[in-house]
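Right, one structure below, let's go through it.
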Amino acid sequence: MIVRTGITSFYGRNKLPEFPFAAFKSMAYACAIPCGYSITRLLERGVTPNFHTAKLEGPERSVDLLGHSTFPIFAFAEPREEYSCELTFRDAPTIASVLIQLFPHVTIATLEELSRPIAKTDLDQLDRAEIGQVKYWKPHNIGELAFNWWD
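Numbering of the sequence shown is given in the working numbering, commencing with residue 59 and proceeding in unit increments.
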């Protein structure tokens, strides 16, 4: 379960934790190389989006590895154009398996979880500031809630 206070990267009470870009970058390389991928683009989170991205290019297929900037949560998406705000989530079981083996403390968000509609029990996990953002941005699923371009 990836939904928790701070998952939107908005939080009204205290400073949010941080999943630093340097840690994301080293983890991305650690899992890409043994899986036969090269990293052709690394993007650090900014004001938006609230996640880091590594484009992994493989012999048959490429994938974007997303790392939430608040928590060590990873997701996979179809490669996107540099300025696109559209994410098409997918699973990448081989890379996910290597990530978990090397870094057992991380969470892998699956396509099933990211595609799930937001329920009231999910909203109950969020801070008041996050609820305000959800009302404004109107995400349709957990993926849009957790990996977003909200400002």
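Virtual Cβ for every residue (Gly too), placed ideally from N, Cα, C.
Can you tell me the Cα-Cα spacing of residue i and residue j, whole angstroms?
| i | j | result |
| --- | --- | --- |
| residue 204 | residue 178 | 15 Å |
| residue 209 | residue 167 | 23 Å |
| residue 72 | residue 117 | 44 Å |
| residue 119 | residue 98 | 13 Å |
| residue 139 | residue 169 | 20 Å |
Am I right that residue i and residue j are in contact with their C-beta atoms under 8 Å? What's the rounded C-beta distance?
| i | j | result |
| --- | --- | --- |
| residue 79 | residue 126 | The Cβ separation is near 12 Å, so there is no contact. |
| residue 69 | residue 187 | 6 Å |
| residue 81 | residue 121 | With 8 Å as the limit, residue 81 and residue 121 do not qualify as a contact, their Cβ atoms being about 20 Å apart. |
Ignore the nearest five residues each way along the sequence and tell me which others in residue i's own chain have a CB closer than 6 Å to its CB.
| i | result |
| --- | --- |
| residue 96 | 115 |
Exposed or buried, which one is residue i when buried takes at least 16 other CB atoms within 10 Å?
| i | result |
| --- | --- |
| residue 91 | exposed |
| residue 191 | buried |
By Cβ distance below 8 Å, which residues in the same chain neighbour residue i in space, the five residues on each side in sequence not counted?
| i | result |
| --- | --- |
| residue 107 | 143, 205, 206 and 207 |
| residue 66 | 108, 184, 188, 191, 192, 203, 204, 206 and 208 |
| residue 76 | 127 and 128 |
| residue 173 | 147, 199, 200 and 201 |
With contact counted as at least three CB pairs below 8 Å, one residue from each stretch, are the region 135-148 and the region 181-195 in contact? Because the criterion of three Cβ pairs below 8 Å is not met, the region 135-148 and the region 181-195 do not touch.
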